[in-house]
Amino acid sequence: MTPHGRIDTPQFMPVGTQATVKALTPGDLQAAGAQMILGNTYHLNLRPTSERIARLGGLHRFMGWDGPILTDSGGFQVFSLADLRRVDDDGVTFSSHVDGSTHRLTPERAMEIQALLGSDVAMAFDQLVDPSLPHAEVADAMERTHRWAERSLAARGRADQAVFGIIQGGVDASLRRESVAAISSLPFDGLAVGGLSVGESKAEMAATLDVVASALDVDPRPRYLMGVGSPLDFFTAVERGIDLFDCVLPTRVARTGQVWTDAGRLNLRNAAFLDDPAPIDASCACEACRGFSRAYVAHLFRARELLAYRLASVHNVTWTLELMRRLRVSLVEGTFAELHARITAAFARGDPQYRAPR
RNA sequence: GGGUAGGUUGAGCAGGUGGUGAGCUCCGCUGACUGUAGAUCAGCCGUCUUUCGACUGUGGGGGUUCGAUUCCCUCCCUGCCCA
50 MTPHGRIDTP
60 QFMPVGTQAT
70 VKALTPGDLQ
80 AAGAQMILGN
90 TYHLNLRPTS
100 ERIARLGGLH
110 RFMGWDGPIL
120 TDSGGFQVFS
130 LADLRRVDDD
140 GVTFSSHVDG
150 STHRLTPERA
160 MEIQALLGSD
170 VAMAFDQLVD
180 PSLPHAEVAD
190 AMERTHRWAE
200 RSLAARGRAD
210 QAVFGIIQGG
220 VDASLRRESV
230 AAISSLPFDG
240 LAVGGLSVGE
250 SKAEMAATLD
260 VVASALDVDP
270 RPRYLMGVGS
280 PLDFFTAVER
290 GIDLFDCVLP
300 TRVARTGQVW
310 TDAGRLNLRN
320 AAFLDDPAPI
330 DASCACEACR
340 GFSRAYVAHL
350 FRARELLAYR
360 LASVHNVTWT
370 LELMRRLRVS
380 LVEGTFAELH
390 ARITAAFARG
400 DPQYRAPR
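Using the working numbering, read the first sequence as starting at 50 and increasing by one per residue.
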């Protein structure tokens, strides 16, 4: 439950980094079944600035989305903008990727920005690192994340905003256990698993989620796996107790021509689709599948027509959210394994349906 | 008819004034993408070969030469100018 509505779990949050889920309107998101979306502290504070958004009535009003919003703290940018920032114990100094100007994020400032944005859920400021780094570096980042977690909580800006803590520790079981203990001991409203889906293997991700699940035991708070994921990752994570997901994948791959369907992944830029009159997914009820053929969308991609990006994004977000709905139903009806097997077969590497039809 | 500038791998170009032309950009073919520096990026893109590599290719034909994209002759095609 959030100030802007309830969330059914497991649930997927489309990512709208810059106050827009790329290529989609709030109406599109609503039609796709989105309940909650994600925005970003780092990006929105650089442009148009959190103060401006606050003056314009907050992020919900600014972007025309009145459902729940979760804001990331900028922790991921500490990882992804590695050559544009410098980390110290107090916080992180960034060179703006927009204009090169210098900006400072600390746990306190990240919470202040998120309060200005007025999101329903704010994330603690964390440091994530490549899990393949030397043990000592992963441990350092984890310990810093723990200290920043306490500072984030102490700096929480508004009573109507939930704050989630983030568990780090790479793919090291003992570090993960230590991080679960540290973060779950704090009065966060929800607990997130960070630092995964950043290049580790599927087996490492599953093993790490096992460790977290057993360490969290019966902790009743919502569990959010950050930055995941792919259709098959959802099953891996839901099996291990995850309630919430966010990922850029459905919208990003859509913009490069890949669509997800019950028959697996299709790359609409492949020549084979130029003559394919079928909809992207005959079982999907989205705007793209109701009105257009694969051939048409394939043509739009070649011509770089803007509608291509919107139709593919509408479809992937709709399909992903529908998958989450089917997951919820399967948990109630006890058909999780059946659904898992079906989607795995469709998306399995080497599956003929993975390839474009001949 | 005269003059002039050209003709390079699907397209558009670069280059090369006697010593091994496969270089670029498009197009095209594939792949990647996980808390979005991404409507992006990467590979391939003459033929044969998994690779290594081999072969072919500078409008056609002929000539000179050890060797021609380069020099000579001739023909064809295109743009522009003049009649």
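Heads up, the beta-carbon is just placed ideally off N, CA and C, and yes, glycines get one too.
Anticipated Cβ contact below 8 Å, residue i with residue j, distance rounded
i, j, result
"Pro52", "Gln84", "With 8 Å as the limit, Pro52 and Gln84 do not qualify as a contact, their Cβ atoms being about 13 Å apart."
"Gly140", "Leu154", "6 Å"
"Thr194", "Ile162", "About 18 Å separates the two Cβ atoms, so there is no contact after all."
"Asp311", "Ala395", "6 Å"
"Gly82", "Thr384", "About 20 Å; that fails the 8 Å criterion."
"Arg272", "Leu235", "That belief does not hold up - the Cβ atoms of Arg272 and Leu235 are roughly 15 Å apart, past 8 Å."
"Asp175", "Ser233", "Rounded, the Cβ-Cβ distance is 15 Å, inconsistent with contact."
"Val308", "Leu274", "About 23 Å separates the two Cβ atoms, so there is no contact after all."
"Met160", "Phe213", "Actually they are not in contact, since the Cβ atoms of Met160 and Phe213 sit about 12 Å apart, beyond 8 Å."
"Leu388", "Pro280", "With 8 Å as the limit, Leu388 and Pro280 do not qualify as a contact, their Cβ atoms being about 11 Å apart."
"Gln60", "Leu356", "Gln60 to Leu356, Cβ: 28 Å. No contact."
"Pro75", "Gly107", "That pair is no contact at about 14 Å."
"Arg200", "Glu227", "That pair is no contact at about 19 Å."
"Thr69", "His92", "The Cβ separation is near 11 Å, so there is no contact."
"Val363", "Cys335", "5 Å"
"Leu78", "Met62", "With 8 Å as the limit, Leu78 and Met62 do not qualify as a contact, their Cβ atoms being about 10 Å apart."
For residue i, the residue or residues it bridges with in DSSP
i, result
"Asp121", "Asn89"
"Pro63", "Cys296"
"Ser144", "Thr151"
"Gly54", "Thr51"
"Gly306", "BP columns for Gly306 are empty, so no partner."
"Gly239", "Phe213"
Residue range of the alpha helix (DSSP H) that includes residue i
i, result
"Gly76", "Pro75 to Ala81"
"Met160", "Pro156 to Leu166"
"Arg101", "Ser99 to Arg104"
"Val287", "Pro280 to Val287"
"Leu108", "Leu108 to Met112"
"Leu388", "Phe385 to Phe396"
"Ile232", "Ala222 to Ser233"
Residue i vs residue j beta-carbon contact at 8 Å
i, j, result
"Arg270", "Phe237", "yes"
"Gly206", "Gly244", "no"
"Leu165", "Ser99", "yes"
"Gly248", "Leu177", "no"
"Ala286", "Leu265", "no"
"Arg304", "Ala80", "no"
"Met191", "Gln217", "yes"
"Ala337", "Ile329", "yes"
"Val267", "Val229", "no"
"Asp325", "Arg339", "no"
"Arg318", "Phe350", "yes"
"Ser144", "Leu95", "no"
"Val64", "Asp282", "no"
"Thr151", "Thr120", "no"
"Asp221", "Val277", "no"
"Leu376", "Ala347", "no"
"Asp179", "Ala211", "no"
"Leu370", "Phe341", "no"
"Val136", "Val127", "yes"
Start and end residues, beta strand (DSSP E) containing residue i
i, result
"Ser246", "Run containing Ser246: none; DSSP gives neither H nor E here."
"Ala135", "Correcting the residue type first, residue 135 is Arg in the shown sequence and not Ala. It spans Arg134 to Val136 - the beta strand (DSSP E) in which Arg135 sits, taken as one unbroken run."
"Leu274", "Arg272 to Leu274"
Hey, which unbroken runs of the beta strand (DSSP E) at 3 residues or more fall wholly within the segment 310-368?
313-316
Which ranges does the alpha helix (DSSP H) cover as unbroken runs of at least 4 residues, wholly within the segment 170-219, from first to last along the chain?
184-203
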